[in-house]
Amino acid sequence: MQSKSPVSSRLFGLFCLASFLLSLSYGSTFLLSLLIHTRGGNEHDAGSVISTAMLSTFVAVVISGHLSDALGAARAVAGMGLLLVVACLGFALTPGFGQGLRVFGLALGLGWGVFYTLGPIIVTLLVAPQHRARYFALLSGSMMSGIGAGPLLGRAASALGLPLTTAFHIAACASLVGVLMFWRLGTRLKQQGTAPVAKISWVAARRVLSSKAAFAILMVGLGGCVFGGLSSFQTSYAAAQSLDYSLFFLGFLSAAITSRLLIAGFVVKRDAYVTACVLSGLMLVSVLMFAFTVSGTFSYLLAAITLGVGYGLTYSVINGLVANEAPAGTTSQALLLFSLAYFVGVFGFPLLAGHIIVTYGLPSLLLSLVAVALFNWLITLARLIWRRASPHKILQLP
Numbered sequence: 106m107q108s109k110s111p112v113s114s115r116l117f118g119l120f121c122l123a124s125f126l127l128s129l130s131y132g133s134t135f136l137l138s139l140l141i142h143t144r145g146g147n148e149h150d151a152g153s154v155i156s157t158a159m160l161s162t163f164v165a166v167v168i169s170g171h172l173s174d175a176l177g178a179a180r181a182v183a184g185m186g187l188l189l190v191v192a193c194l195g196f197a198l199t200p201g202f203g204q205g206l207r208v209f210g211l212a213l214g215l216g217w218g219v220f221y222t223l224g225p226i227i228v229t230l231l232v233a234p235q236h237r238a239r240y241f242a243l244l245s246g247s248m249m250s251g252i253g254a255g256p257l258l259g260r261a262a263s264a265l266g267l268p269l270t271t272a273f274h275i276a277a278c279a280s281l282v283g284v285l286m287f288w289r290l291g292t293r294l295k296q297q298g299t300a301p302v303a304k305i306s307w308v309a310a311r312r313v314l315s316s317k318a319a320f321a322i323l324m325v326g327l328g329g330c331v332f333g334g335l336s337s338f339q340t341s342y343a344a345a346q347s348l349d350y351s352l353f354f355l356g357f358l359s360a361a362i363t364s365r366l367l368i369a370g371f372v373v374k375r376d377a378y379v380t381a382c383v384l385s386g387l388m389l390v391s392v393l394m395f396a397f398t399v400s401g402t403f404s405y406l407l408a409a410i411t412l413g414v415g416y417g418l419t420y421s422v423i424n425g426l427v428a429n430e431a432p433a434g435t436t437s438q439a440l441l442l443f444s445l446a447y448f449v450g451v452f453g454f455p456l457l458a459g460h461i462i463v464t465y466g467l468p469s470l471l472l473s474l475v476a477v478a479l480f481n482w483l484i485t486l487a488r489l490i491w492r493r494a495s496p497h498k499i500l501q502l503p
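Position one of the sequence shown corresponds to residue 106 (our numbering), numbered consecutively onward.
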């Protein structure tokens, strides 16, 4: 395969725009807790709906490689992206908060899982290895823009006196446009070359998980827990603090986008181990702020901005790490496992989080997130210490 670098700005720009539009569908799910509350449910009900998506993302990770090999990555995203449209419409139109919503949660998991998994693989098709970290940052910045904009649609609808379901309808329309764009991009991307084999296997999985890439895979799962836990129930947190939840998403979104698009190119050129340690430490600080120091609008916004920078840039760094530390010939499979770990955190943790909130209260959830973020930071610290100690150990060998 011949990677093209530098990639066409127009082609990659369209790719990022289509990614933004599809990401609005997942971003709208952060309004599910609020929507279900209006229908008589609670955080546990919302968590169960969101977590059903975790089941279907397992299927999505397994089949995404086969779909990519059969249809091409872009058209596989377009085909399964239709499920994102269905999911958003289902959330808006289905009454109550029971099994019906869980069905659409499964649809969301399938559509988002295939898109999220194949997006980075499309980047590896377009971009040479030495440029991947920067373009991963551009892609993730576009996706994060859509994810963060989803909840803001709900706030805008409320400000205009429109029902909350309006946000889900808008997200469905945007996702449909994104689907059409990916379908058209399919022809253009075929001209770039043949995508690497993307099918996952037990042999490839064992090779990846026995390599250094396993640390980045674990870290993205832990980061997904923090992000999913805070974002999925941010409407509940803001209500408990008498704050406007849109401030969280505005602060987080602006910080994540600004950092990923403007300074990620500089950050990813630094020592990845040191950078991951500093940024995961910043993410830990943000969770501590939510747990102990938020008392008003300014501190709330500051905590959100800190999370946006810490989480946003950490993700870009470890995304590059997993691609570069994977054994030869397993880059695509490593990215699939990376996506799977993220899904376990971001979709699986809300089920536990909703149970914690209903049973023990919001403070207990925040303490749980502090523990997760602390463990994530300790992994990066241990890797740094091990790397610095390793040369001395080698010198001591007879």
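Beta carbons: idealized from backbone N, C-alpha and C, even for Gly.
In this structure, the beta-carbon distance from SER437 to THR229 falls below 8 angstroms. For LEU215 and PHE452, the gap between their C-alpha atoms comes out near 12 angstroms. Bounds of the alpha helix (DSSP H) holding GLN339 are 339 to 345. In chain order, CYS330, GLY333, GLY334 place their CB closer than 6 angstroms to the CB of PHE454, counting only its own chain and leaving out the 5 sequence neighbours on each side. Straight across, the Cα-Cα distance linking LEU243 with TYR447 is about 18 angstroms.
The beta carbons of SER133 and CYS193 sit closer together than 8 angstroms.
The three-state secondary structure of SER124, taken from DSSP, is helix. The alpha helix (DSSP H) runs lying completely inside the region 218 to 283 and spanning 4 residues or more are 237 to 264, given in chain order.
Under the criterion of beta carbons closer than 8 angstroms, PRO256 and PHE354 qualify as touching, at roughly 5 angstroms.
Between the C-alpha atoms of GLY259 and LEU136 there is a straight-line separation of about 7 angstroms. Along the length of the region 128 to 210, whole beta strand (DSSP E) runs at least 3 residues long do not occur. Counting the other CB atoms within 10 Å of its CB gives PRO225 a total of 16 or more, which places it among the buried residues.
Spanning the alpha carbons of ALA377 and ALA261 requires a straight line of approximately 39 angstroms.
Counting only residues of its own chain and dropping the five nearest sequence neighbours on each side, LEU327 has a CB closer than 7 angstroms to the CB of GLY450, VAL477, PHE480, ASN481.
With fewer than 16 other Cβ atoms from the protein chains shown falling within 10 Å of its own Cβ, ARG493 counts as exposed. Only buried fits PHE209, as 16 or more other CB atoms lie within 10 angstroms of its CB.
When DSSP states are grouped into helix, strand and coil, SER473 belongs to the helix group. Separation of the CB atoms of SER421 and SER250 is rounded to 14 angstroms, and the pair is thereby denied contact status at 8 angstroms. Between the C-alpha atoms of LEU358 and TRP288 there is a straight-line separation of about 28 angstroms. Of the candidates VAL475, GLY466, MET324, MET324 places its Cα closest to the Cα of LEU486. Straight through space, the alpha carbons of SER161 and LEU172 are spaced by roughly 15 angstroms. In the structure shown, the three-state DSSP call for ILE423 is helix.
With the rule of 3 Cβ pairs closer than 8 angstroms, the region 425 to 432 counts as touching the region 311 to 322. Here DSSP, grouped into helix, strand and coil, assigns ALA431 to coil. Here PHE371 is exposed, its C-beta having fewer than 16 other C-beta atoms within 10 Å. For PHE338 against ALA458, the beta-carbon gap comes to about 6 angstroms, under 8 angstroms, which counts as contact. Closest in alpha carbon position to PRO200, among MET394, ARG144, GLY186, ARG207, is ARG144. Per the Cβ contact rule, the region 383 to 393 is not in contact with the region 342 to 353 (fewer than 3 Cβ pairs under 8 angstroms). If you look at PHE454, you'll find it in the alpha helix (DSSP H) that goes 454 to 465. The beta carbons of ALA409 and LEU471 sit no closer together than 8 angstroms.
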